[in-house]
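Trainee:
Structure representation (structure tokens):
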């Protein structure tokens, strides 16, 4: 299991951050991901393979005016 935005989430073997955000229906162009306390650059989403106990916070940007 990993934690995403404070909730437990089942971990598939070999799952990377990009696959996780797609599975959770986040729009990659409108989010920032904190991975184990550090902001993860979008360029690292695909090469960052998740492991048991990881903690992620996914923050969505909302426009308005």
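Residue numbers (this note's numbering): 61 to 125. In this text, a Cβ means the ideal position worked out from N, Cα and C, and glycines have one as well.
Taking the DSSP output, what are the residues bridged to residue 69?
Mentor: In the chain shown, the residue the question calls residue 69 occupies position 9. Paired residues: 62.
Trainee: Are the stretch 99-114 and the stretch 72-83 touching, with three or more C-beta to C-beta distances below 8 Å?
Mentor: yes
Trainee: Could you spell out where the alpha helix (DSSP H) holding residue 80 opens and where it closes?
Mentor: Residue mapping note: residue 80 aligns to position 20 of the chain shown, counting from 1. Residue 80 -> alpha helix (DSSP H) spans 77-83.
Trainee: Using a Cβ-Cβ distance under 8 Å, would residue 82 count as near chain B?
Mentor: Looking for chain B here will not work: only one protein chain is present.
Trainee: Does residue 88 come out as helix, strand or coil in the three-state DSSP assignment?
Mentor: Residue numbering aside, residue 88 sits at position 28 when the chain shown is read from its first letter. Three-state DSSP puts residue 88 in a helix.
Trainee: So what does residue 95 bridge to, in DSSP terms?
Mentor: For the purposes of this step, residue 95 is taken as residue 35 along the chain shown, with counting starting at 1. BP columns for residue 95 point to 98 and 116.
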